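Participant: Below is a structure I'd like to ask you about.
See the structure below:
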């Protein structure tokens, strides 16, 4: 159901943990046996390169992105599929691989 390349909505907590807001993330990996996956956040605020820009509208592999967004390729975290509210769609495999490669470059730089 949840596959690598999917853009899903999750409840993202505010820093004071008082409440949360629905935020989109890119699933870099398919969920493992524990239902965990690695994700990157999306933002509607323009980001510098090497983030990946996505236009609003239909996604290449199905679904719809309501706002122009940027995938923050220098940030990744682990989430559980139990947190997924809904799936918005999927990006192309080429774009998913680009995001993985950019994150690997970021790690090699040691920042």
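Residue numbers (the working numbering): 974 to 1084. Don't be surprised by glycine CBs; every beta carbon is placed ideally from N, CA and C. These numbers were taken from a predicted model, which means no experiment stands behind them.
State buried or exposed for residue 1038, treating a residue as buried only when at least 16 other CB atoms are found within 10 Å of its CB.
Facilitator: Burial call: buried.
Participant: Quick one: measure Cβ to Cβ for residue 1073 and residue 981, integer angstroms, because I've assumed they're closer than 8 angstroms.
Facilitator: That pair is no contact at about 17 angstroms.
Participant: Measuring only the C-alpha atoms, how far is residue 1010 from residue 1070?
Facilitator: Each residue's Cα considered, the two are about 15 angstroms apart.
Participant: Leaving out five residues before and five after residue 1045 in sequence, what residues of the same chain have Cβ atoms less than 8 angstroms from its Cβ?
Facilitator: Excluding sequence neighbours, residue 1045 sits near 1013, 1014, 1015, 1016, 1020 and 1024.
Participant: Can you tell me whether residue 1080 is helix, strand or coil according to DSSP?
Facilitator: The answer is helix: DSSP assigns residue 1080 an H, G or I state.
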